[in-house]
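Everything on this sheet refers to the single structure shown next.
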Amino acid sequence: MQTVGGQQRNPELRELVVEASLALARLDAERLEELAVCCRALNRGLAGLSGEDRAEFQRQAHGASRDMEVFGRVLAATEAHLEVMNRVHERMRGGLEYAGRRTAWVPWSRTEKCDGNH
Amino acid sequence: MGTISSAFSLISGALNADQSALSIVSSNVANANTPGYTREIPNWQENDPVSINGLECGTGVTQTGATSVRDRILTERLNQQQQMAAASGSRLAALNAIQALFTPDSGSTSSRAGDIGSDITGFFNSLSALEANPTNNALRQQVLSTATTLAGDISNAARMVSTQRAALDQEAAGMVAQVNALTASIAQLNGQIQSTSPGADAGVLEDQRQQDLSKLSQLIGMNQITTENNGLSIATTSGMTLVSGNSNYPMTTGVVNGVTHFFVGTTDITSDLASGGGSLGGYLAARDQDIPQVLNSLDQLAYGISTAINAQNNAGTNLNGVGGTGVNPANPSLDIFNPPVGVTGSAAAMSVLITDPNNIAAAGPAAGSGDDSNTVAMAGLADFAIVNGRSPSNFFSNFVTALGAIVGEVQTENTAQTASVTQLQNQTNALSAVNLNDEAVAMQQLQRSYQAASQVFAILNTIMTSALNLGVQTAVS
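The structure is reproduced here in structure tokens:
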């Protein structure tokens, strides 16, 4: 629900899809989780639609189809990015690209016997 | 050397290393707002162990330099996405400008390309009006007037589209200097990096090279290949080398068939660039694919209308009782429009030839001046498939719809690609830019966003597919 001039209105389906795409582009997980809740509520609400409302929903679905295509492509790109990032992190855990020798954090003293703390 | 000095050495070494590490952190903070700067982390190297009173001890660590936190796979992917987004962005700008030409402007009194649809209707309506009173001079004058408007709008549209093509050509040609400057800079940085840091990250030099690569990605489609000693080769998407080691191979231009072509050495890489990406790719795609299609459609429209109307007018008898070349080949031509010599160039050359309204052959062959049979036939051409298998109005309306569909498609592509670049940029920033947040947080955010978006998409996709295909919504369980 959005408030326009003090009155509440139901956003068009298209607005929902566009907002989801934008939130995904920004990686706004919180907003996307809210939208997922909205979509579940929408899905439940659609079950009891009257004939007229159903026709209106069909019109909105037509209007949102191109934006849905964009959303799908952003989602596909995100999946690819996620895969790349997973690989990057995987590799970084095993040492940096240029590190010929393992340069991860090294303890100040290797032997336990001489630092007096063990 | 089992002495107390060894122990002091161990501690002071550690302190020195810590001090060096702190200077790297300071550098990171100082450069937080420097464009393209990549966060550095200190490299620690274990010192050889020493023996103190029979015990083997480590001598701590030495700070041996810094490594920039960058990942070439990620930056290369970002560059690729930028190439695609830049290409669709520049193509979209060009297409939007073309589409604007064909958008009807109801508020305008002057004739324009957007009015071609109503011009076609107006022309055939004026012929229909003449049917009722074929000898009426005002109605005959009206036919010539609407024909002139139609021909003028079509030829003007062709000229304006050609002007836009010339502007794109100039824009594309102007990018060569920028591309060459960047490839020269990358080649120079390659040389410096290979001589100073052949086996390690080159820090600031690498940052500069990455920045140049990013700028180059905005301009052209390219592939980058990592070579030995930390070098980088750059080639066009079809493999034409632009940079190899410390040498760059500049692009040159030349005019071929009236448009700018692009060369490396003697090889013409124009079509390679057009499909490769970057702004240059987008401009070339619009110049060499989209605009020629638009011009071809206008040519077909002009050719179809001119040829069919001229043939029909020549098949009738004018107000002076003279038949056209279709009735008597010895008679002068009664062509209304400038007769096209072929499809190509018809639109730009379209004009009205006759100035005397009496030369409209309203009557049928050998019929009296009051006859309207030839006018009826001419007016009837409005519904005949005289333009590439379609009626004139239908052809034009299909052309405008197809143009709108291409614009919509490229818009969709650009929106998705721009979003993808934004995402990747965020991830790259988290990983390699100066950022006090742990990149793990960014990674977690990416994962969470993807999962939530997948849920949103799955629900919406199911209910929308259901609504569109069946007209009946089915709830997702």
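Each protein sequence line maps, in turn, to chains A and B. Residue numbering for the first sequence follows our numbering, beginning at 1 and increasing consecutively. Residue numbering for the second sequence follows our numbering, beginning at 119 and increasing consecutively. In this text, a Cβ means the ideal position worked out from N, Cα and C, and glycines have one as well.
Tell me the rounded alpha-carbon separation between residue i and residue j.
i, j, result
"asparagine 456 of chain B", "alanine 231 of chain B", "19 angstroms"
"glycine 292 of chain B", "alanine 285 of chain B", "11 angstroms"
"glutamate 97 of chain A", "asparagine 547 of chain B", "Caution applies to glutamate 97 of chain A, whose pLDDT of 46 falls short of 50 and renders its modelled position unreliable; the value that the coordinates give is listed next. Each residue's Cα considered, the two are about 17 angstroms apart."
"asparagine 532 of chain B", "serine 538 of chain B", "10 angstroms"
"serine 315 of chain B", "phenylalanine 575 of chain B", "47 angstroms"
"threonine 583 of chain B", "alanine 80 of chain A", "25 angstroms"
"isoleucine 387 of chain B", "phenylalanine 381 of chain B", "5 angstroms"
"leucine 300 of chain B", "threonine 281 of chain B", "30 angstroms"
"glycine 72 of chain A", "proline 458 of chain B", "47 angstroms"
"arginine 102 of chain A", "asparagine 348 of chain B", "Any reading at arginine 102 of chain A must be qualified, since the residue scores a pLDDT of 41, below 50, and its modelled position is unreliable; the value itself is stated next. The alpha-carbon atoms of arginine 102 of chain A and asparagine 348 of chain B are separated by roughly 19 angstroms."
"leucine 13 of chain A", "valine 322 of chain B", "48 angstroms"
"threonine 266 of chain B", "serine 469 of chain B", "7 angstroms"
"glutamine 328 of chain B", "valine 84 of chain A", "19 angstroms"
"arginine 190 of chain B", "alanine 61 of chain A", "41 angstroms"
"leucine 35 of chain A", "arginine 209 of chain B", "33 angstroms"
"valine 373 of chain B", "asparagine 197 of chain B", "30 angstroms"
"alanine 139 of chain B", "histidine 89 of chain A", "With a pLDDT of only 47 at alanine 139 of chain B, under 50, the local geometry of the prediction cannot be trusted, and the value read off the model is given with reservation. Roughly 23 angstroms separates the two Cα atoms."
"glutamine 310 of chain B", "threonine 193 of chain B", "21 angstroms"
"proline 222 of chain B", "valine 518 of chain B", "11 angstroms"
"lysine 385 of chain B", "asparagine 375 of chain B", "Going by the sequence as given, residue 385 of chain B is threonine instead of lysine. Cα-Cα distance, rounded: 16 angstroms."
"serine 356 of chain B", "glutamine 201 of chain B", "15 angstroms"
"glycine 45 of chain A", "cysteine 38 of chain A", "10 angstroms"
"glutamine 529 of chain B", "arginine 54 of chain A", "29 angstroms"
"isoleucine 472 of chain B", "leucine 452 of chain B", "8 angstroms"
"valine 261 of chain B", "glycine 507 of chain B", "25 angstroms"
"valine 559 of chain B", "alanine 20 of chain A", "21 angstroms"
"serine 511 of chain B", "threonine 239 of chain B", "7 angstroms"
"glycine 522 of chain B", "arginine 40 of chain A", "34 angstroms"
Look at the Cβ atom of residue i, then the Cβ atom of residue j, and state whether they are nearer than 8 angstroms.
i, j, result
"alanine 305 of chain B", "leucine 398 of chain B", "no"
"aspartate 330 of chain B", "serine 303 of chain B", "yes"
"alanine 479 of chain B", "asparagine 492 of chain B", "yes"
"alanine 465 of chain B", "serine 273 of chain B", "yes"
"methionine 369 of chain B", "asparagine 298 of chain B", "yes"
"alanine 275 of chain B", "alanine 404 of chain B", "no"
"leucine 22 of chain A", "leucine 564 of chain B", "no"
"isoleucine 454 of chain B", "arginine 283 of chain B", "no"
"isoleucine 577 of chain B", "asparagine 43 of chain A", "yes"
"glycine 442 of chain B", "asparagine 449 of chain B", "yes"
"valine 505 of chain B", "leucine 416 of chain B", "no"
"threonine 344 of chain B", "leucine 350 of chain B", "yes"
DSSP on residue i, reduced to helix/strand/coil?
i, result
"leucine 49 of chain A", "coil"
"phenylalanine 57 of chain A", "helix"
"leucine 437 of chain B", "coil"
"asparagine 347 of chain B", "helix"
"asparagine 254 of chain B", "coil"
"aspartate 386 of chain B", "strand"
"isoleucine 472 of chain B", "coil"
"valine 84 of chain A", "helix"
"valine 297 of chain B", "helix"
"glutamate 19 of chain A", "helix"
"alanine 481 of chain B", "strand"
"phenylalanine 514 of chain B", "helix"
"threonine 443 of chain B", "coil"
"valine 459 of chain B", "coil"
"serine 356 of chain B", "coil"
"arginine 508 of chain B", "strand"
"threonine 314 of chain B", "helix"
"glycine 372 of chain B", "strand"
Using only alpha-carbon positions, find the residue among the options that is nearest to residue i.
i, options, result
"alanine 353 of chain B", "B:Gly363, B:Gln342, B:Asn347 and B:Glu346", "B:Gln342"
"alanine 495 of chain B", "B:Leu248, B:Arg209, B:Ile234 and B:Gln199", "B:Leu248"
"isoleucine 338 of chain B", "B:Asp408, B:Ala429 and B:Ser206", "B:Ser206"
"serine 424 of chain B", "B:Leu499, B:Ala448, B:Thr435 and B:Asn243", "B:Leu499"
"alanine 256 of chain B", "B:Pro475, B:Ile577 and B:Asp490", "B:Pro475"
"asparagine 544 of chain B", "B:Gln529, B:Glu527 and B:Gln562", "B:Gln562"
"glycine 383 of chain B", "B:Ile472, B:Thr371, B:Asp390 and B:Asn506", "B:Thr371"
"glutamate 15 of chain A", "A:Arg66, A:Ala47, A:Leu82 and A:Ala76", "A:Arg66"
"leucine 413 of chain B", "B:Ser389, B:Phe220 and B:Lys333", "B:Phe220"
"alanine 467 of chain B", "B:Asn254, B:Asp237, B:Asn243 and B:Ala269", "B:Ala269"
"serine 236 of chain B", "B:Val361, B:Ala250, B:Gln296 and B:Asp271", "B:Asp271"
"asparagine 436 of chain B", "B:Ile524, B:Ser487, B:Gly444 and B:Leu586", "B:Ser487"
Within 10 angstroms of the Cβ of residue i, are there 16 or more other Cβ atoms? Answer buried if so, exposed if not.
i, result
"alanine 218 of chain B", "exposed"
"glycine 395 of chain B", "buried"
"glutamine 407 of chain B", "exposed"
"isoleucine 581 of chain B", "buried"
"proline 252 of chain B", "buried"
"glycine 400 of chain B", "buried"
"alanine 76 of chain A", "exposed"
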